Amino acid sequence: MATPSRKTSASSSLASKRGPSTDPSSESEVPSKRRNSAVQPPQPSGPFVEGSIVRISMENFLTYDLCEVSPGPHLNMIIGANGTGKSSIVCAICLGLAGKPAFMGRADKVGFFVKRGCSKGMIEIELFRASGNLVITREIDVAKNQSFWFINKKSTTQKVVEEQVAALNIQDKVGEFAKLSKIELLEATEKSIGPPEMHRYHCELKNFREKEKQLETSCKEKTEYLEKMVQRNERYKQDVERFYERKRHLDLIEMLEAKRPWVALDIKETSQKCKQKQDVIERKDKHIEELQQTLKVKQNEEHDRQRRISNTRKMIEDLQNELKTTENCENLQPQIDAITNDLRRIQDEKTLCEEEVTDKQREKETLEKEKKNVDDHIVRFDNLMNQKEDKLRQRYRDTYDAVLWLRNNRDKFKQRVCEPIMLTINMKDNKNAKYIENHISSNDLRAFVFESQEDMEVFLKEVRDNKKLRVNAVIAPKNSYADKAPSRSLNELKQYGFFSYLRELFDAPDPVMSYLCCQYHIHEVPVGTERTRERIERVIQETRLKQIYTAEEKYVVKTSFYSNKVISSNTSLKVAQFLTVTVDLEQRRHLQEQLKEINRKLQAIESGLIALRETNKHLEHKDNELRQKKKELLERKTKKRQLEQKISSKLGSLKLMEQDTCNLEEEERKASTRIKEINVQKAKLVTELTNLIKICTTLHIQKVDLILQNTTVISEKNKLESDYMAASSQLRLTEQHFIELDESRNRLLQKCKELMRRARQVCNLGAEQTVPQEYQTQVPTIPNGHNSSPPMAFQDLPNTLDEIDALLTEERSRASCFTGLNPTIVEEYTKREEEIEQLTKELKEKKIELDKYRENISQVKERWLNPLKELVEKINEKFSNFFSSMQCAGEVDLHTENEEDYDKYGIRIRVKFRSSTQLHELTPHHQSGGERSVSTMLYLMALQELNRCPFRVVDEINQGMDPINERRVFEMVVNTACKENTSQYFFITPKLLQNLPYSEKMTVLFVYNGPHMLEPNRWNLKAFQRRRRRITFTQPSQ
């Protein structure tokens, strides 16, 4: 076994020592901190596994000035009080092996781990390696927050250190297993004991599954979008077909319009003249129509004037008749004056009534405010009662429920029933509540008081027997004791400091007061002050009172039956709990009476308001009637004058209409003369138009003849060209003729291209478009021998203007039928067709990619899941064995709700610590903190049985365990960690139980720290061991 050496100072120490061979355990005491001497550690005595820690050296690290620890190859117990530096050794191991500062949960910067006040710190860790130990050194610069790395004293990089550590199978901090969820526990287990590829396969599966979900979502979205696109295009398909149908008609119209100028070339001038004549005729017709319209307007005006004259005369006659029947209005004025006086009187009455209403409303508002104030006071009293009821409900719930039942069933009782005494008692001064609560028992304080035995039996049967409520009930005496006078006057007792009897300190209903006087003699028990307590012996001797209350004490006086001696006892008064709430019942009754009086006044005011409103309504109705009568009299008074004015106005209008006459016959004669002149002009124009039409017909006949001649010429031309081609074939025998023909061909080709370019330009064709069949026509040659002109006709179209115009009209009509068509719809339709094609292609690619991911998932799942199940089964076997050895049960299984959700896989730990219970999952809800710690420790031990990492560090895992479980777990840890060829184990704890089992392969490191530590040069481990043995040997003799 190795004995580590340490460098220490007087202020603090971390020491390591081994026990003698007779001791069942090896103990190490490690002095630490501050400076200076060092003792060379002996070589380790035991087999270290590859990668185990042989030595840990720290300088200016956390709490240590200078410290060196040499752990053993098996179980290392690091023991010390909290704050001495146990966890600092763990931090040194982690940081020294290229761990991240965040792993420890102390700080996120490595510079914070250097001892305060120092600029640099150092960690050096020596790892066992069969080929030669590996010494890793990390120097930390605080100012730069930077680390410098060395391997075997040679400078290197952190990456190289990480590679060396990984090669020894040293893993990062897995985490606090006790706080991990099922999912996190699975990942930690994979990293801890699984093969390297297991966690990688798991991560790949999660990534594949995530991408698979994304692809499924993408495929679903694209499919839905594609269906919408197809449906939308189906809706617009008919419109697109109609658009192209219309376009075909428009193209035909364009061709007809292109052909028409050639057909109309010779008759254009004649047609123009015809059109001019037709326009002149139309203008003449329009002029005639205007003259006829003007004449018609004058006739209508004359008819309307005659009608208005007739209506006006009739209206004047009616007005005159009405004027004759109208009575004399001079005798209406007295009636109007009388009505005016009545209206003035009614208005005065209304004013008085409204003033009375205002006064009543003001008085009502005042009373309502008073009512609100009284209600508020009553509510405050009720709140105080509610406080007493709340205290009763909190302390005696059954009694409270019985109170509620009593309030709802008072009709079942013949005589008076009082609620619990604590609710009915009302202290006059709550400072005196402590006397009443100390004098009356709590059972009676919550007792119901009855006047009738029969009522009490009914109550107890219903409440105790039926409702199973625990309540108390008492009967008040038949003869009331409430007003019974005390045996001694209070004035006689005032000289001793007494100021009242208990009965005068509170108010209560008569049955309650009678019961208390009878049962507790509250009318005979006086209450005194501090002055009473000061002369208590005199009071007892002179007054011979049986019970006395002073300011803070209760005295009970008894006389011995045998010796006739006076015996007194005193007790301190308890603080009052229930009767501290005081309600002035007299004031509350006064407020209730005041509220009734206010309500009576409000009702009287409301009745008065109703009567005043009825009176006001009656006056309003009478006022309206008088006003209506006055209005009618005024209208009758002014009616005669209005009729005279209307008759005068109508006579003036009639005179003006009779003067505005029109000679209708003269106007008709002038219009007829003008129309005859225009008709003569129209006849001349029609004759000229007829001549022009005849000329146009002649030209059409000539045009047909020219077309026939043109056809004959074309036939002859074709024959000549055939003869020319036949002759040209013979001339090819000579080279010269070949050259001439070749040059001619080139010229013709260029000309053809030019003509083709011009033709494409005329027909709006692109360079790459083929010439449609309908545009492939022959270009005729004009008979006079001039060069060819633009086409005169297209092969498949009509050859006359009438046929062309008829076809144009028909095609335009057809094209006009296609309304509401938007070219953008066609563009969108085309774009959607392209998009549908692209989406179909993308969807096919996505599905192929999705199938590929599913195939990858299937392959990776098989490589991951089967080894994982085997691994979990092995862990379960070890874990179950550990629990069985503790007479408990536990199992570990692989848990998931959906096999396809690889990120939801987790390790479920189920345990039971008692034979009467079932297996429950390890959670804070089912197990205590100690049981969870035991389960976590056994799980870690099960992992240790399967994993071959060089060392493990467990920090304070036994915290929270009960002594029995802690002893069992410790024994398992010792047996497991001290086997041959096991990994190195660091067990950190601030305390241990007594008489634990130890092994010779253990190393115990005691961490000491404090201002009174020995200097390093005075630290002698062997001397300490000899002294301990002497103490042990001398104890039995003493």
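One point on numbering: in numbering that gives the first Met the number 0, the residue at position 609 of the sequence shown is 608, and numbering is uninterrupted.
For every residue, glycine included, the Cβ atom is placed at its ideal position computed from N, Cα and C.
Computed from a predicted model, the values in this text were never measured in an experiment.
With 7 Å as the threshold, decide whether the Cβ of residue i is near any Cβ in chain B.
i      : result
Ser998 : No chain B is present in this structure, which holds just one protein chain.
To which residues of the same chain is residue i closer than 7 Å at the C-beta, ignoring the five residues directly before and after it?
i       : result
Phe505  : Ile424, Asn425, Met426, Lys427, Ile435
Gln452  : Ile474
Arg1025 : none
Glu348  : Leu618
Val229  : Ile835
Met960  : Gly929, Ser932, Val933, Val968
Asn442  : Asn471
Thr689  : none
What is the residue span of the beta strand (DSSP E) that residue i lies within?
i      : result
Cys66  : 63–68
Ile566 : 565–571
Arg909 : 905–911
Asp954 : 950–954
Lys557 : 552–558
Lys153 : 153–155
Phe458 : Unbroken run through Phe458 is the alpha helix (DSSP H), 452–459; no beta strand (DSSP E).
Ser146 : 145–150
Gln576 : No beta strand (DSSP E) holds Gln576; DSSP gives it neither H nor E.
Ile547 : 546–548
Determine the burial state of residue i: buried for a count of at least 16 other Cβ atoms within 10 Å of its Cβ, exposed for fewer.
i       : result
Thr549  : buried
Phe1023 : exposed
Gln319  : exposed
Met755  : exposed
Arg502  : buried
Asp107  : exposed
Asn964  : buried
Gly79   : buried
Val565  : exposed
Pro195  : exposed
Val574  : exposed
Arg470  : The question names Arg, but residue 470 in the sequence shown is Val. Buried: at least 16 other Cβ atoms inside 10 Å.
Glu810  : buried
His924  : exposed
Cys977  : buried
Leu918  : exposed
Lys460  : exposed
Leaving out five residues on either side along the sequence, give the residues of the same chain with a beta carbon under 6 Å from the beta carbon of residue i.
i      : result
Ile377 : Leu590
Leu511 : Just to set this straight, residue 511 is Val in the shown sequence, not Leu. Here the set comprises Cys417, Ile420, Thr423, Val448.
Phe986 : Met76, Val953
Leu601 : Leu366
Leu942 : Ser191, Ile192
Thr829 : none
Ile874 : Val891, Ala941
Cys887 : Phe912
Lys433 : Leu572, Ala575
Ser998 : Val973, Cys977
How far does the alpha helix (DSSP H) with residue i in it extend, from its first residue to its last?
i      : result
His894 : Here His894 belongs to no alpha helix (DSSP H); instead the beta strand (DSSP E) covers 888–894.
Asp397 : 396–407
Ser441 : 441–444
Met421 : 420–423
Arg537 : 535–542
Ile182 : 181–192
Which residues in the same chain have their Cβ closer than 8 Å to the Cβ of residue i, if we skip the five residues on either side of it in sequence?
i      : result
Gly193 : Pro866, Leu867, Leu870
Ile182 : Asp902, Lys903, Tyr904, Gly905
Tyr500 : Pro485, Leu489, Ile521, His522, Glu523, Val524, Pro525, Val526
Thr350 : none
Ignoring anything shorter than 3 residues, give me the beta strand (DSSP E) runs that lie fully in the stretch 974–1021, in order along the chain.
983–988, 1002–1006
When the Cβ atoms of the stretch 928–936 are set against those of the stretch 894–912, are three or more pairs found closer than 8 Å?
yes
Extract the residue ranges of the beta strand (DSSP E) inside the stretch 61–134, only unbroken runs of 3 or more that lie entirely within it.
63–68, 74–79, 119–126
Continuous alpha helix (DSSP H) assignments of at least 4 residues falling wholly in the stretch 471–524
489–492, 509–519
At a cut of 8 Å, does the stretch 80–96 reach the stretch 969–987 through at least three beta carbon pairs?
yes
Would you say the stretch 116–128 touches the stretch 138–156, given that touching needs at least three Cβ pairs under 8 Å?
yes
Would the stretch 836–845 and the stretch 240–249 be scored as touching if the rule is three or more Cβ pairs under 8 Å?
no
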